[in-house]
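The numbering of the sequence shown is full-length UniProt numbering, which starts it at 1 and goes up by one. C-beta: ideal position from N, C-alpha, C; glycine also.
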Amino acid sequence: TDGRLDLRHALEGHQLGVVSVDINKNGTCILFKNKKGFKFKRKLFLNPLIVAASSSLDSHVRVWDIITGKCIKSIDAGPVDAWTLAFSPDSKFLATGSHSGKINIFGVDSGRKEMTMDTRGKFTLSIAYSPNGQYIACGSIDGIVNVFDVNKGVPINTLEGHAKPIRSLCFSPDSQLLLTGSDDNTIKVYEIQHAIMAGALSGHGSWVLSVDFCKDDTHFVSSSSDKTVKIWDAGSRQCVHTFYDHADQVWSAKYSDDGSKIVSVSDDKSIQVYEGPPV
């Protein structure tokens with residue numbers, strides 16, 4: 001009730017650096033990476049937690065019980081690293097991407113590899129499920145976005161709007177649009193059904209490190225190496241507010257489930273919680 005973020009657990013178990021974390025769709029929390037593990041803090045406005053998943057350079061995915069802080073499953077995602085991961089909307093599967101360019105789908109309960117999709121060997125930096133569970137999008141180091149049909153396991157779109165690595169991507173709540181953030185300092189908006197670019201947004205002065213849609217589909221947020229967090233109007237695709245509170249690059253900015261808060265984490269070792277959107 002006092003608005004503080006209290007450290008609940010430091011989850012350790014990976015043998016090498018943790019590079020990606022995600023929470024199943026039944027709950028959300030604030031997660032930030034440490035050298036061989038990660039820590040989470042919980043805030044009262046967020047929903048109760050179930051499990052988190054973490055991927056690592058040690059080629060393993062670990063699934064954690066957030067309440068107890070214990071690892072409940074370790075999945076061998078090798079032979080290469082598991083660089084990025086995302087839960088499916090129903091929380092039954094985990095998609096991982098790696099240096100090999102292969103997208104692997106694992107059953108959360110079974111730990112078995114259920115499917116492999118190929119991006120033709122390009123290092124996959126970012127991955128996202130569409131909210132309707134129909135698509136997986138992955139962003140690569142060469143600036144290409146591949147969109148796959150989850151049920152068929154085949155690529156349906158190749159989007160080539162960026163000139164540099166794609167650090168983050170996110171579907172709109174209705175699964176019709178895809179946001180991408182890149183080292184070319186821009187955000188691109190794509191219409192999935194027609195595979196066309198619907199917008200190119202400039203405003204950041206350096207790499208765009210994260211993008212995230214608000215659940216009500218009216219705004220989205222981005223963060224950057226330029227130390228800022230920006231809120232954008234989803235309709236006009238104009239920046240409506242910029243936060244300048246961080247002193248170093250901002251690796252991630254996310255909305256709470258109800259859209260009332262934005263949480264950002266930075267190399268300045270701080271977590272900022274904003275009321276949003278202030279328009």
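If we call anything under 8 Å between Cβ atoms a contact, is residue i one with residue j?
i	j	result
residue 137	residue 177	no
residue 124	residue 101	yes
residue 24	residue 91	yes
residue 251	residue 268	no
residue 119	residue 146	yes
residue 198	residue 189	yes
residue 103	residue 114	no
residue 139	residue 117	no
residue 99	residue 81	yes
Does DSSP classify residue i as helix, strand or coil?
i	result
residue 11	strand
residue 155	strand
residue 138	strand
residue 245	coil
residue 145	strand
residue 162	coil
residue 239	strand
residue 80	coil
residue 57	coil
residue 220	strand
residue 150	coil
residue 233	strand
residue 195	coil
residue 214	coil
residue 122	coil
residue 116	strand
residue 45	Here the model assigns residue 45 a pLDDT of 31, short of 50, so the residue's position is not dependable, and the following value carries that caveat. Looking at residue 45 - three-state DSSP - the assignment turns out to be coil, as it is neither helix nor strand.
In terms of alpha-carbon separation, which member of the options lies closest to residue i?
i	options	result
residue 122	274, 15, 142, 223	142
residue 83	7, 53, 261, 68	53
residue 10	24, 261, 58, 65	65
residue 258	215, 166, 81, 240	215
residue 135	22, 172, 110	172
residue 156	235, 55, 192	192
residue 185	213, 169, 224, 255	224
residue 144	164, 133, 129, 131	164
residue 21	128, 119, 6	128
residue 131	74, 89, 249	89
residue 187	255, 158, 272, 220	220
residue 213	174, 166, 182	174
residue 168	247, 58, 159, 183	183
residue 166	153, 181, 158	181
residue 217	207, 109, 236	236
residue 211	238, 170, 226	170
residue 73	87, 93, 99, 108	108
residue 244	13, 272, 140	272
residue 327	71, 207, 85, 67	This structure cannot speak to residue 327, because the chain is shown only from 1 to 279.
residue 93	208, 67, 222, 133	133
Label residue i either buried or exposed according to how many other C-beta atoms from any shown protein chain fall within 10 Å of its C-beta, with 16 as the threshold for buried.
i	result
residue 79	exposed
residue 62	buried
residue 240	exposed
residue 97	buried
residue 95	buried
residue 112	exposed
residue 254	buried
residue 200	exposed
residue 247	exposed
residue 15	exposed
residue 59	buried
residue 256	buried
residue 205	exposed
residue 227	buried
residue 7	exposed
residue 222	buried
Quick test of the definition: if touching needs 3 or more C-beta pairs under 8 Å, does the segment 262 to 272 touch the segment 215 to 233?
Output reads yes: the segment 215 to 233 touches the segment 262 to 272.
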